[in-house]
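A short write-up of the structure that comes next.
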Amino acid sequence: HAAEQRIAISQLVSVSLGHWALEAVSRILDDPNALTEEQLQRLAGLTGGLDAGLVSSSTLADDALIARDFFQAVYGVTGEELVTYEGSRHLRSLIEAGQAIRDAMDEADSNPDIRAAEPDERRKLIEDFVWSIFQTRISKRSETIADFEAIMAAIDADAAVPVWEWAAYPGEAAVESINAEYEAANRYSLAAILTPPLDMLGRTPTQFRQERDALRTRIAIEQFRLLRGRWPGSLTELVPEFLDRIPHDRADGHPLRYRLDEQGRPLLYSLGPDRDDDGGVPTPSGRELRFYFPDELAAARAGAPDAPAVPDGDWVHWRVQD
Numbered sequence: 003h004a005a006e007q008r009i010a011i012s013q014l015v016s017v018s019l020g021h022w023a024l025e026a027v028s029r030i031l032d033d034p035n036a037l038t039e040e041q042l043q044r045l046a047g048l049t050g051g052l053d054a055g056l057v058s059s060s061t062l063a064d065d066a067l068i069a070r071d072f073f074q075a076v077y078g079v080t081g082e083e084l085v086t087y088e089g090s091r092h093l094r095s096l097i098e099a100g101q102a103i104r105d106a107m108d109e110a111d112s113n114p115d116i117r118a119a120e121p122d123e124r125r126k127l128i129e130d131f132v133w134s135i136f137q138t139r140i141s142k143r144s145e146t147i148a149d150f151e152a153i154m155a156a157i158d159a160d161a162a163v164p165v166w167e168w169a170a171y172p173g174e175a176a177v178e179s180i181n182a183e184y185e186a187a188n189r190y191s192l193a194a195i196l197t198p199p200l201d202m203l204g205r206t207p208t209q210f211r212q213e214r215d216a217l218r219t220r221i222a223i224e225q226f227r228l229l230r231g232r233w234p235g236s237l238t239e240l241v242p243e244f245l246d247r248i249p250h251d252r253a254d255g256h257p258l259r260y261r262l263d264e265q266g267r268p269l270l271y272s273l274g275p276d277r278d279d280d281g282g283v284p285t286p287s288g289r290e291l292r293f294y295f296p297d298e299l300a301a302a303r304a305g306a307p308d309a310p311a312v313p314d315g316d317w318v319h320w321r322v323q324d
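Counting from 3, one number per residue, gives the positions in the sequence shown under my numbering.
Laid out in structure tokens, this is it:
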């Protein structure tokens with residue numbers, strides 16, 4: 003039921019539980035004689051029914067309600083454009099606003115009048131000073147609402163593009179653009195501060211769906227083996243009896259990779275972090291199986307100093323062991 007809660011943390015919990023279920027099924031399948039064809043058929047239906055929705059304004063609807071309530075707490079209920087005195091206190095309790103708070107507190111600590119004040123007076127002076135900083139540095143109410151709506155719209159627009167065509171996780175480019183505009187004026191967008199972690203919300207459901215589709219394909223291969231007495235030579239032999247279609251590789255949009263190795267055993271894989279086909283050579287152990295975007299890959303191939311260290315190898319979903 004976690005996925006039914008339209009809030010970021012619940013979506014991530016749902017994916018985590020889904021990963022646990024996929025791992026449990028995978029361990030069962032490691033014994034090729036553990037299940038009958040009928041049991042495999044039931045397992046195929048259950049596995050195919052597992053899902054993790056891609057990030058969208060719909061999956062974040064409850065996050066949006068919480069954010070709008072917080073906006074009202076910060077700006078007041080009578081339509082003020084700037085942060086209210088009470089709103090300043092709400093902001094100081096917001097962990098996500100850490101940098102804005104630190105900047106304001108640093109300025110307060112360096113203010114000579116505050117430094118010279120008696121301890122009892124200093125606290126009130128700091129509160130007043132931080133409030134004045136927030137009034138000039140934190141986005142106005144109208145700006146915040148416009149920023150938030152722009153971010154939600156960008157999330158939906160970006161998520162509508164096939165995963166393998168993403169240039170960033172949905173909404174990330176909009177947040178970066180908004181932040182850059184505010185940073186140029188030494189200000190902060192409250193909407194950007196309250197935006198959930200879009201990298202995690204983009205990455206984890208995508209990886210989950212890839213794992214689920216690969217596991218569903220593995221089940222279909224096992225069904226084929228039980229009924230035909232051999233491994234399929236290609237995934238096309240599974241359609242339509244065991245699979246409605248061959249799942250996509252979310253790295254490039256092509257079908258999942260499959261071949262029989264030198265011993266005639268199945269090898270099922272998708273492209274790894276570098277998005278090129280290494281023939282099923284696995285990514286080094288311990289390296290995160292995440293996709294890198296075109297600009298990151300270009301920087302890595304050009305040897306740019308700030309480029310990520312992109313590991314070679316593929317994402318091996320299944321290889322029959324001796």
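Ideal Cβ positions, reconstructed from N, Cα and C, are used throughout, including at glycine.
Because the structure is a prediction, the values reported are computed rather than measured.
Continuous beta strand (DSSP E) stretch holding residue i: start and end
i: PRO121; result: Counting along the chain, PRO121 falls outside any beta strand (DSSP E), though it belongs to the alpha helix (DSSP H) covering 121-139.
i: ARG261; result: 259-262
Under 9 Å between C-beta atoms of residue i and residue j
i: ARG261; j: LEU269; result: yes
i: GLY266; j: ARG321; result: no
i: PHE136; j: VAL85; result: yes
i: TRP233; j: GLY274; result: no
i: SER59; j: ALA69; result: no
i: VAL57; j: ILE157; result: yes
i: LEU192; j: THR138; result: no
i: ALA170; j: HIS319; result: no
Among the options, nearest to residue i - alpha-carbon criterion
i: ALA194; options: LYS142, ARG214, PRO234, GLY89; result: LYS142
i: ARG252; options: SER272, THR238, PHE244; result: SER272
i: ARG342; options: TRP133, PHE136, ALA110; result: The structure shown does not extend to residue 342, since the chain is modelled only from 3 through 324, so no value can be given for it.
i: PHE131; options: GLU25, ARG91, GLU185; result: ARG91
i: ALA309; options: SER191, TYR294, HIS319, GLY315; result: TYR294
i: PRO249; options: ASP105, GLY50, GLU39, MET107; result: GLY50
i: PRO172; options: ILE153, ALA186, ASN188, TYR184; result: ILE153
i: GLU88; options: LEU96, GLU98, GLY81, TYR77; result: TYR77
i: ALA54; options: SER12, ASP33, TRP133; result: SER12
i: ARG259; options: THR61, PRO34, GLN212, ALA106; result: GLN212
Range covered by the alpha helix (DSSP H) that runs through residue i
i: SER272; result: Taken as a continuous stretch (DSSP letters only), SER272 belongs to no alpha helix (DSSP H), being part of the beta strand (DSSP E) at 268-272.
i: LEU67; result: 63-77
i: SER144; result: 143-161
i: SER18; result: 10-31
i: PHE244; result: Careful: PHE244 lies outside any alpha helix (DSSP H) and carries neither H nor E.
i: GLY89; result: 87-94
i: ARG232; result: Taken as a continuous stretch (DSSP letters only), ARG232 belongs to no alpha helix (DSSP H), as it is neither H nor E.
i: GLN43; result: 39-50
Helix, strand or coil at residue i [DSSP, three-state]
i: HIS319; result: strand
i: ALA4; result: Only weak support exists for where ALA4 lies, its pLDDT of 46 falling under 50; the value from the coordinates is given anyway. DSSP places ALA4 in helix when its eight states are reduced to three.
i: HIS256; result: coil
i: PRO296; result: helix
i: PRO114; result: helix
i: PRO307; result: coil
i: THR80; result: coil
i: SER179; result: helix
i: ASP2; result: Given that the chain is displayed from residue 3 to residue 324, the structure contains no residue 2 and the question cannot be resolved.
i: TYR184; result: helix
i: VAL347; result: Because the chain in this structure spans residues 3 to 324, residue 347 falls outside the shown range and cannot be described.
Beta-bridge partners of residue i, as assigned by DSSP
i: TYR190; result: ILE140
i: HIS250; result: PRO257
i: PRO284; result: ASP316
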